[in-house]
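By UniProt numbering, the letter at position 190 of the sequence shown is numbered 190, and the numbering carries on one by one without gaps. Yeah, the Cβ is synthetic: ideal placement off N, Cα and C, and Gly gets one too.
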Amino acid sequence: MPETGPLTRSMDKQFEKLFAMMAGLEQKMEAGQEEMRTGQERLEQKMQSGQEEINNQIQAHVESQVDKIKIHVDGCIGKIEEEVQCVKGKINKVESEVQEKIGWTDFVKASQLVASLRGSAAKVLQGIPADKLTDLTTIEKALESRFGDSHLTQFYRTELKTRRQKPGESLQVLAANVERLISLAYAECPMDVRESLAAQYFVDAIRDEDTQHSTRLMDAKDLKPALAYSMKYEAARTVSKTSRHVRSMEIEDNTSREREDKFESLFNRLEKLLNSSVAGKKNTLRRNSNVTCWKCNKKGHVQRECQAITSNQEN
1 MPETGPLTRS
11 MDKQFEKLFA
21 MMAGLEQKME
31 AGQEEMRTGQ
41 ERLEQKMQSG
51 QEEINNQIQA
61 HVESQVDKIK
71 IHVDGCIGKI
81 EEEVQCVKGK
91 INKVESEVQE
101 KIGWTDFVKA
111 SQLVASLRGS
121 AAKVLQGIPA
131 DKLTDLTTIE
141 KALESRFGDS
151 HLTQFYRTEL
161 KTRRQKPGES
171 LQVLAANVER
181 LISLAYAECP
191 MDVRESLAAQ
201 YFVDAIRDED
211 TQHSTRLMDA
221 KDLKPALAYS
231 MKYEAARTVS
241 KTSRHVRSME
251 IEDNTSRERE
261 DKFESLFNRL
271 EKLLNSSVAG
281 KKNTLRRNSN
291 VTCWKCNKKG
301 HVQRECQAIT
311 SNQEN
């Protein structure tokens, strides 16, 4: 082998030093990278712990604000409930005052009822304790146990007298209502009397005057025939009104048609007369073109058609 020179040996030493330095640098770089990874992990841990702390602080702040809002809302609700109760109390007070003024309280009703009772009805009050004479329910029960529905008889009779057929109410409904009131107002009367009264009150309650008058003239002794007759009369009137309306429309239509026919005929006659008059004048002019007037000595017309005579007469 050839013998290496001093230069070669020097370069080898330099390379060895360079390799050693590179190895040291690699070790330092690895150590630095490891340190960087460790620092990054620590930084991430710090950031995570800081984020958790921030979240905890935010949550605590939000919860504290929510608690404050709840307390405020609860206080407002309490005030509103107090105001509502106050308003309800005022409304109840006003209602009681109004009822007292217009006499709708049970106390006033009981007082009026006690003052209006007479005869055997007033004797019922003797069995009621003095402290219960202002109790409307106690008085009503005492009267019902003594008289049943008899104390309402006058009420039903008054309702019968003032009963009138309502707008849109049929005669059948009116008759049924009158029959019910009769059975309540005259329960003690015989059947024939009640039927006769029912017919009379039914006729009085009919709204239409013509139907009422016609049914009254029938002089029915029972409600059923009075109802049947009034329904027939009402139906006949409806049909008659419809027929009259149709006939009037037909008459008006016929009259209008006849008037048009007459006008057309007259127009045709006038047209013929005008045509014949024009034709006659043309023929006269053609026939008399050589005629000489004795008055003005002009040709084309006779003396009776002379314009000179007409002008003199007008002057």
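With contacts defined as CB atoms closer than 8 angstroms, residue 156 and residue 185 qualify as a contacting pair. Taking 8 angstroms as the cut-off, the Cβ atoms of residue 175 and residue 223 count as close. Going by beta carbons, residue 165 and residue 115 fall outside the 8 angstroms limit. Using a 10 angstroms sphere on the CB of residue 211, the tally of other CB atoms reaches 16 or more, which defines it as buried.
Within the DSSP secondary-structure output, residue 299 pairs in a beta bridge with 292. One thing to note: residue 226 has its Cβ within 8 angstroms of the Cβ of residue 203. Around the Cβ of residue 214, a 10 Å sphere holds 16 or more other Cβ atoms; the residue is buried. Annotation: the continuous alpha helix (DSSP H) that includes residue 210 extends over 209 to 218. Less than 8 angstroms divides the Cβ of residue 178 from the Cβ of residue 163. In this structure, the CA atom of residue 138 is about 45 angstroms from the CA atom of residue 208.
It is roughly 35 angstroms from the alpha-carbon of residue 123 to the alpha-carbon of residue 196.
Distance from the CA atom of residue 263 to the CA atom of residue 294, rounded to whole angstroms, is 45 angstroms.
Annotated three-state conformation of residue 77 is helix, per DSSP.
Positions of the alpha helix (DSSP H) runs, each at least 4 residues long and wholly inside the stretch 139 to 213, are given as 153 to 161, 171 to 185, 191 to 205 in order along the chain. Assignment of residue 133 by DSSP, reduced to helix, strand and coil, places it in the coil class. For the pair residue 118 and residue 125, the Cα-to-Cα distance works out to about 10 angstroms.
Taking all protein chains shown into account, residue 182 has 16 or more neighbouring C-beta atoms within 10 Å of its C-beta and is therefore buried.
When secondary structure is reduced to three states using DSSP, residue 58 falls in the helix class.
Here residue 160 is buried: its Cβ has 16 or more other Cβ atoms, across all protein chains shown, within 10 Å.
The alpha-carbon of residue 107 is positioned some 12 angstroms away from that of residue 131. Residue 117 carries a coil assignment under DSSP once its states are collapsed to helix, strand and coil.
Counting only the Cα atoms, residue 297 lies some 12 angstroms from residue 305. Burial check for residue 171: the Cβ neighbour count within 10 Å reaches 16 or more, so the residue is buried. For residue 12, the secondary structure class from DSSP, reduced to helix, strand or coil, is helix. Classified as exposed, residue 235 has fewer than 16 neighbouring CB atoms from the shown chains inside 10 Å of its CB. Between residue 74 and residue 110 a beta carbon distance of about 47 angstroms is seen, past the 8 angstroms cut, so the two are scored as non-contacting. With fewer than 16 other Cβ atoms inside 10 Å of its own Cβ, residue 60 counts as exposed.
For residue 198 against residue 221, the beta-carbon gap comes to about 10 angstroms, at or over 8 angstroms, which does not count as contact.
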